[in-house]
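Take the sequence shown: its letters are residues 224 to 452, numbered as in this note's numbering.
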Amino acid sequence: MIGFTAREVVLGGRVVLRGIDFRADAGQLVALCGPNGAGKSTLLRGLAGLLAGSRAPDPRRVAYLPQGARCDWGMTAWEVAALGRIPHGDAAEPPVAHALELCGLGGLQGARVDRMSGGQARRAMLARVFATEPEVFLLDEPTSDLDPAAAHAVMALLRETAHAARRRVVVVVLHALDLALRYADRMVVLEGGQVVADAAPVDALARAAAAFGLPWGVDASPRLLPPSA
């Protein structure tokens, strides 16, 4: 389980979160959704213990991938993934190799990340998280820079990770609502720094469609439906 509670979070003189009482349990993939500036990344940083006053969790238990995380140094995919072992104080080979395989980089272990495509580099950063072998995954837009097939593969992997033996929790910030609808167990929609919906994805999106400013419908497939004529 992971949680974050705050009456208000103020950054740069602006209230970015208010009235937050968030919890996520093992066995869940939770999608944090909402328009730009809604407070999604700030909530994820609170869960990671990166806000003033928030308690830093054990880095062996909780792994965090920030938005736009990248590596501009001449490090190989193996070396980047091995950074995930730092909280454990070792460079154990099996977790690193397994993480790279999970993220589709088993054949690119020796490739320099700064010379990879954006999608491959993003998966190398995700492999770092998997190499930590955490109980809690906190991921800010893990599918950014990925083509549709790779994005679906990553989300399927994260869902499987959350559900395996019901021992892990995965919280992801997502803008791709189709991915949230297909793979998340629960969707938390934020608007203006507040939670406006927290339910199964279809229900949450139906309740909070106005937060995104788009005239859509949702059915139980799950899929987004165009507005009726």
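The C-beta atom is built at its ideal place from N, Cα and C for all residues, glycine as well.
Measuring only the C-alpha atoms, how far is residue i from residue j?
i             : j              : result
aspartate 244 : glycine 226    : 8 Å
alanine 373   : serine 367     : 10 Å
alanine 350   : leucine 240    : 30 Å
alanine 420   : glycine 297    : 43 Å
alanine 422   : valine 411     : 7 Å
valine 253    : glycine 307    : 22 Å
glycine 333   : glutamate 231  : 45 Å
glycine 327   : leucine 234    : 37 Å
arginine 354  : methionine 378 : Residue 354 is actually alanine in this sequence, not arginine. Their backbone Cα atoms lie some 17 Å apart in a straight line.
arginine 338  : proline 365    : 19 Å
alanine 452   : alanine 344    : In this predicted model, alanine 452 has a pLDDT of only 42, less than 50, meaning its place in the structure is not dependable; the value taken from the coordinates is given anyway. Rounded to the nearest angstrom, the two C-alpha atoms are 42 Å apart.
valine 238    : asparagine 259 : 15 Å
leucine 400   : proline 317    : 34 Å
alanine 315   : glutamate 302  : 12 Å
Is any heavy atom in the ligand MN found nearer than 7 Å to the beta carbon of residue i?
i           : result
alanine 379 : Absent from the structure shown: the ligand MN. Ligands present: none.
As a quick exercise: from the options, pick the residue whose alpha carbon is nearest that of residue i.
i              : options                        : result
alanine 249    : Ala429, Thr384, Pro424         : Thr384
valine 359     : Leu404, Ala376, Ala387         : Ala387
arginine 278   : Ala286, Arg284, Gly269         : Gly269
serine 340     : Ala376, Leu369, Gly333         : Leu369
glycine 436    : Asp401, Ala271, Ala379, Gly257 : Gly257
lysine 263     : Asp426, Ala432, Gln417, Val425 : Gln417
histidine 311  : Gly342, Val352, Leu288, Arg335 : Val352
threonine 299  : Asp281, Ala320, Gly236, Leu288 : Ala320
methionine 224 : Leu400, Ala271, Gly242, Gly236 : Ala271
histidine 375  : Leu397, Arg389, Arg390         : Leu397
State the CB to CB distance for the pair residue i and residue j, rounded to an integer number of angstroms; the pair is presumed to be in contact (CB under 8 Å).
i             : j           : result
leucine 255   : leucine 266 : 6 Å
proline 357   : alanine 286 : 4 Å
glutamate 414 : alanine 261 : 5 Å
So what does DSSP say about residue i, is it helix, strand or coil?
i                 : result
alanine 452       : With a pLDDT of only 42 at alanine 452, under the threshold of 50, the placement of this residue in the model should not be trusted; the figure read from the coordinates follows. If DSSP states are grouped into helix, strand and coil, alanine 452 belongs with coil.
arginine 382      : helix
leucine 255       : strand
leucine 331       : helix
arginine 230      : strand
alanine 315       : coil
phenylalanine 343 : In the sequence as displayed, the identity of residue 343 is glutamine instead of phenylalanine. DSSP places glutamine 343 in helix when its eight states are reduced to three.
threonine 299     : strand
aspartate 408     : coil
arginine 389      : helix
glycine 307       : helix
glutamate 358     : coil
Hey, would you say residue i sits closer than 8 Å to residue j, going by beta carbons?
i             : j              : result
aspartate 408 : glutamine 290  : no
arginine 430  : tyrosine 406   : no
leucine 362   : valine 395     : yes
arginine 293  : methionine 348 : yes
glycine 323   : alanine 304    : Inspection of the sequence shows that residue 323 is occupied by leucine rather than by glycine. Result yes, Cβ atoms of leucine 323 and alanine 304 sit closer than 8 Å.
leucine 402   : valine 425     : no
valine 392    : alanine 247    : yes
leucine 325   : leucine 380    : yes
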